[in-house]
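Data first, discussion second: the structure below is written as structure tokens.
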Amino acid sequence: MTTLLKETLDSQSIYMPTPARIVDTVELTDLEKVFKLKLPSGFELNHRPGQFVQISVLGIGEAPISICSSPSRSTGGTFEICVRRVGNVTNAMHALKPGALIGVRGPFGRGFPIERFRGKDILFVPGGLGLAPLRSLINEVLDERGKYGRIIILYGSRSPKDLLFQAELKEWQRRADIECHVTVDRPDENWTGNVGVITTLFPKVTIHPRNMVSVVVGPPVMYRYVLMELLGKGIAEGNIWFSFERRMKCGVGKCGHCQMHHIYTCQEGPAFSYAEIKHLEEAL
Amino acid sequence: MSFRIMPKAAVPDWITWLRSRYRVVGPRQLKDQFVFDEINSPDELSLDYPTSILPPKKYLLPPTEELFQFTTKGMHTKASLEPRPTVIMGVHTCDMHAIQLLDRVHNTGYADQHYQARRQNTYLVSIECLNPCTEHSFCKDMGTLSVPENFDLHLTDLGDEYGVDIGSEKGEELLRGFASVWDPTEEDYRHVNQVMAEKWPRFSYRFNFDVTELPDLLALSTKSSYWNELGDLCLGCGMCTKVCPTCYCFNVKDEVDLSLTEGHRVRIWDSCQVDEFALVAGGHNFRSTRALRQRHRFFRKGKYQLEAYGLIGCVGCGRCAAACLVHITPVKTFNELYRRHKQGEAVEAQS
Chain A
1452 MTTLLKETLD SQSIYMPTPA RIVDTVELTD LEKVFKLKLP SGFELNHRPG QFVQISVLGI
1512 GEAPISICSS PSRSTGGTFE ICVRRVGNVT NAMHALKPGA LIGVRGPFGR GFPIERFRGK
1572 DILFVPGGLG LAPLRSLINE VLDERGKYGR IIILYGSRSP KDLLFQAELK EWQRRADIEC
1632 HVTVDRPDEN WTGNVGVITT LFPKVTIHPR NMVSVVVGPP VMYRYVLMEL LGKGIAEGNI
1692 WFSFERRMKC GVGKCGHCQM HHIYTCQEGP AFSYAEIKHL EEAL
Chain B
-6 MSFRIMPKAA VPDWITWLRS RYRVVGPRQL KDQFVFDEIN SPDELSLDYP TSILPPKKYL
54 LPPTEELFQF TTKGMHTKAS LEPRPTVIMG VHTCDMHAIQ LLDRVHNTGY ADQHYQARRQ
114 NTYLVSIECL NPCTEHSFCK DMGTLSVPEN FDLHLTDLGD EYGVDIGSEK GEELLRGFAS
174 VWDPTEEDYR HVNQVMAEKW PRFSYRFNFD VTELPDLLAL STKSSYWNEL GDLCLGCGMC
234 TKVCPTCYCF NVKDEVDLSL TEGHRVRIWD SCQVDEFALV AGGHNFRSTR ALRQRHRFFR
294 KGKYQLEAYG LIGCVGCGRC AAACLVHITP VKTFNELYRR HKQGEAVEAQ S
């Protein structure tokens, strides 16, 4: 477990957010916006890819949001979150301008065990907003590209206008040392790429399962289908990683909402390998 | 730590004496039921009560609890911690076991300072249950018919007097300077042993199996059709979790004043039986049916909490059984799962 923000630890209450300033916002789509936040104290977030923060808009409420910037690129107390406008808190966030203060608690949960991925081929399978938490891991890996084998990214989105981080996506597709394929469920008239659900991208890449780790983050409905593909390719259960979305009110293993079986997703997850959760009812 | 005798006639004076130093809460009659409430005069206290509508948990985890106050401009926050010293009188042993679990939960991993502040300022005066309290309780099955080690004082009704076990330094504090307690005689010890020995046969087992088999029974019953039958019955009202001494799940809400500049964040009791409990922003509900939610509740009580915290999540108080409008009860549920499991085994043996 990484440690929490110094401010959170120093606080009299684990539930009290620390103010962070919005230093920049970037609109990615109609629904999604990236917020670059800075902790006024200058303390680093020191997160691991896959961890999340609880974001507060005081007077509205709090919501768990994954961190989308990589630790290597979150310096000077800054970090990024990608927020889909879907509820009260996220709608209120979208109305905030650079300069505004926002509450942060965390970072919470267990991220991906990146040190165990070294030397291996990594197959990233982000679906939709799942690219946000995966971007943190992908950029962390790319910043130390030499430590890993092949890097494959299979990204699926509803439609071309829903594609997130398009500039980075173009860069990944351009690079010779990354195999990046993109598909959409519903193309528009300008779309020349693949059409279909995310599993239609699998025939495009050769997979050597012995040395492969796969990291899958997307909507719950996607997991079963992608899992069948990965197991079918012979990837070991312990090398298939997911990040689980759950309702979370506290982030510290108390409120009960994220409990699946005896596990609190906010504590032992949200990153889990298939081997860890395959026996748990309600996990997938 | 040590044992004393207090005559029942001295209890009113003791309560009055305690009230001058602490907030005193305890069982009080409300029409034909009992509630834990503040005791404003000794005659309000009913130590000889069957059960209470809500468990004393509400003094450690209030139904609505302020976490912190804030100003929306400038984001100033101030933690709300309740340090009011409170004596909870007359806690039954099942509820003591429940508090033991709550302590474990709130001190594990990231400690919950709000719970801790209340708990550290709470004095627990428990009382030995000498007779079954209601038709719904099953404390003997759950192993909660004797008091765990977390009491400050523990009372045993000896007729004209109470035996008083002192369990902690805080317990000593509750008696310090109060004259009407004395050291027990040999006769008192004999009396206590007799009262205790006589109590056990009055309680009966209600499970058709031993509680140590419960986690395995549930594991084997994961796909039982019985959950669908419970789901069809259940109204999803959440009463079972509201009255449960070991339920602690909460929701978090912001409340703001009319000017929208000041407010406070509160946590309020939540229930896994309510349909949006496991619903995420994207619209997926991880327990979308009442059957799945009932299963989650019973697994939590009989299996999950044991695995997560080493203590079983049900203490056999029977409050949920009494509160359920459609008569879903742990005893009936667990026995029926056991019957079906046995029946399944018998069918297998024949084939």
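Just so you know, the sequences run in chain order A and B.
Residue numbers 1452 to 1735, in the working numbering, belong to the letters of the first sequence in order.
Residue numbers -6 to 344, in the working numbering, belong to the letters of the second sequence in order.
For every residue, glycine included, the Cβ atom is placed at its ideal position computed from N, Cα and C.
All values reported here derive from a predicted model rather than from experimental measurement.
- Inter-residue distance for B/Q93 and B/L53 is about 12 Å (C-alpha atoms, whole angstroms).
- Under the three-state reduction of DSSP, B/C313 is assigned to helix.
- At the C-beta level, A/V1474 and A/K1484 stay beyond 8 Å of one another.
- Look at B/V4 here: in three-state DSSP terms it is helix.
- For secondary structure counted as the alpha helix (DSSP H) over 4 or more consecutive residues, the stretch 129 to 182 of chain B holds these complete runs in sequence order: 132 to 135 and 162 to 168.
- Secondary structure of A/C1706 (DSSP, three-state): coil.
- B/Y331 has a beta carbon lying at 8 Å or more from every beta carbon in chain A.
- Going by C-alpha positions, A/V1633 is about 45 Å away from B/L60.
- With a threshold of 8 Å between beta carbons, A/S1523 makes no contact with chain B.
- The alpha-carbon separation between B/G156 and A/T1716 amounts to approximately 46 Å.
- With respect to chain A, the C-beta atom of B/M135 has no partner C-beta closer than 8 Å.
- Under the 10 Å beta carbon count, A/T1529 is surrounded by 16 or more other beta carbons and is classified as buried.
- Around the beta carbon of A/L1460, fewer than 16 other beta carbons sit within 10 angstroms, so the residue counts as exposed.
- Sequence-distant partners of B/K192 (beyond 5 residues in either direction) whose C-beta falls short of 7 Å from its own C-beta, in its chain, are L123.
- When the five nearest sequence neighbours on each side are left out, the beta carbons in the same chain lying within less than 6 Å of the beta carbon of B/H99 are those of D105 and Y108, in order along the chain.
- Here A/G1689 carries a helix assignment [DSSP, helix/strand/coil].
- With a minimum length of 3 residues, the unbroken runs of beta strand (DSSP E) contained wholly in the stretch 249 to 285 of chain B fall at 255 to 262.
- When C-beta distances to chain B are compared with 7 Å, the residues of the stretch 1553 to 1568 of chain A below that value are G1554, in chain order.
- Under DSSP, B/V28 takes part in a beta bridge, and its partners are B/R21.
- Closer than 8 Å to the CB of B/M(-1) there is not a single CB belonging to chain A.
- The straight-line gap separating the alpha-carbon atoms of B/V245 and A/K1700 is approximately 6 Å.
- For B/M68, a Cβ of chain A is located within less than 8 Å of the residue's own Cβ.
- Cβ-Cβ distances below 6 Å link A/N1690 to V1664 in the same chain, with the five nearest sequence neighbours on each side left out; the list follows chain order.
- Looking at A/H1712, A/V1703, A/P1721 and A/L1681, the one whose alpha-carbon comes closest to that of B/L285 is A/H1712.
- Contact between A/S1492 and A/P1584 is absent: CB atoms are separated by about 25 Å, not below the 8 Å threshold.
- Between B/G295 and B/L207, the C-beta gap is smaller than 8 Å, which places the two residues in contact.
- Any Cβ of chain B closer than 8 Å to the Cβ of A/C1706 would place that residue at the interface, and such an atom is present.
- The stretch 257 to 272 of chain B makes contact with the stretch 235 to 245 of chain B; the number of CB pairs closer than 8 Å reaches 3 or more.
- For A/R1697, a Cβ of chain B is located within less than 8 Å of the residue's own Cβ.
- With contact defined as three or more Cβ pairs closer than 8 Å, the stretch 1506 to 1517 of chain A and the stretch 1537 to 1557 of chain A are in contact.
- Residue burial is scored here from C-beta neighbours: B/P194 has fewer than 16 other C-beta atoms within 10 angstroms and is therefore classed as exposed.
- Counting only runs of 4+ residues, the alpha helix (DSSP H) found wholly inside the stretch 1636 to 1692 of chain A occupies 1671 to 1684, in chain order.
- For B/G170, the closest Cβ of chain A is not nearer than 8 Å.
- Residue contact check for A/Y1725 against chain B: no CB pair falls below 8 Å.
- Around B/T215, the beta-carbon contacts reaching into chain A at under 8 Å are E1732.
- In this structure, B/T79 is the residue among B/V188, B/T79 and B/D30 with its C-alpha nearest to the C-alpha of B/R14.
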